[in-house]
Structures are given as C-alpha cells and as structure tokens.
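Accompanying notes for the structure given below.
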Amino acid sequence: MAQRNRGDRAYMPLRPPTDQQEHYKQKADELGISLGSYGVMRLAQAEGLPVPDYITDEIEQARRKRLNAAARRRTEQLSFLEVREDDTARGGQPLARTA
Numbered sequence: 001m002a003q004r005n006r007g008d009r010a011y012m013p014l015r016p017p018t019d020q021q022e023h024y025k026q027k028a029d030e031l032g033i034s035l036g037s038y039g040v041m042r043l044a045q046a047e048g049l050p051v052p053d054y055i056t057d058e059i060e061q062a063r064r065k066r067l068n069a070a071a072r073r074r075t076e077q078l079s080f081l082e083v084r085e086d087d088t089a090r091g092g093q094p095l096a097r098t099a
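Okay, so the sequence shown: first residue is 1 according to the UniProt record's numbering, each after it adds one.
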C-alpha cells in the first residue's frame, strides 16, 4: 500500500535521552504511529499548534484496526459457545456459560 503524501516537511533529528526512548516508543506503539510521528505530534501539542492531518489519520486508522481485531476475537470466542446439533456427548449444551 502506498504511503500518503505527508506534505512539505523539514528535517529535524531528535535525540532523546536513552532512558526515555523506550517510554516514547511505547506511547507511539499504543497509538499505532511511528516514533517520528509521535514526536511531531507532541511538539505540536506542546506549542499549541495543530497536529498534522497525516498523524491524526494514522491514529484513526490504527484505532479502527484495533476495534476490528477486537470484534474478530469476540466473534471467535463466541463461536466456541455455540450449541452444535451434532454435539450429543454434551447433550447439545455449550461448554461454558457466561455470568
């Protein structure tokens, strides 16, 4: 899949303290964005500037992927509780019950 054009951007390398990098990486991973995008987002927020659209789009896309994955997991979990007509060993009862 082609990457979206992020527009005109400047090169600005950042070198966080080694003991902070993992924290920033975890925060970026939680949002589903790159470490660079996380840095740009936090700089914009700190300065009261708008977060670039490409970053908010990446965050929204990652959120939708997480929701879809969670829905698939729920569906898979519920499919194990379905009563099957051919389940004569258990009398057609589900193997587990919910509270």
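Glycine is no exception: its CB is placed at the ideal position from the N, C-alpha and C atoms.
{"Query": "Extent of the continuous alpha helix (DSSP H) run through D53", "Result": "D53 to S79"}
{"Query": "Supposed close pair V40, P50 - CB separation, criterion 8 Å", "Result": "That pair is no contact at about 11 Å."}
{"Query": "R42, DSSP secondary structure in three states", "Result": "helix"}
{"Query": "Three-way DSSP call (helix, strand, coil) for residue 127 in this model", "Result": "Lying outside 1 to 99, the shown extent of the chain, residue 127 is not represented and no answer is given."}
{"Query": "Rounded straight-line distance, which links the Cα of S37 to that of Y24", "Result": "11 Å"}
{"Query": "contact_flag[the region 18-34, the region 61-68] where n(CB pairs < 8 Å) is 3 or more", "Result": "yes"}
{"Query": "Extent of the continuous alpha helix (DSSP H) to which L31 belongs", "Result": "T18 to L31"}
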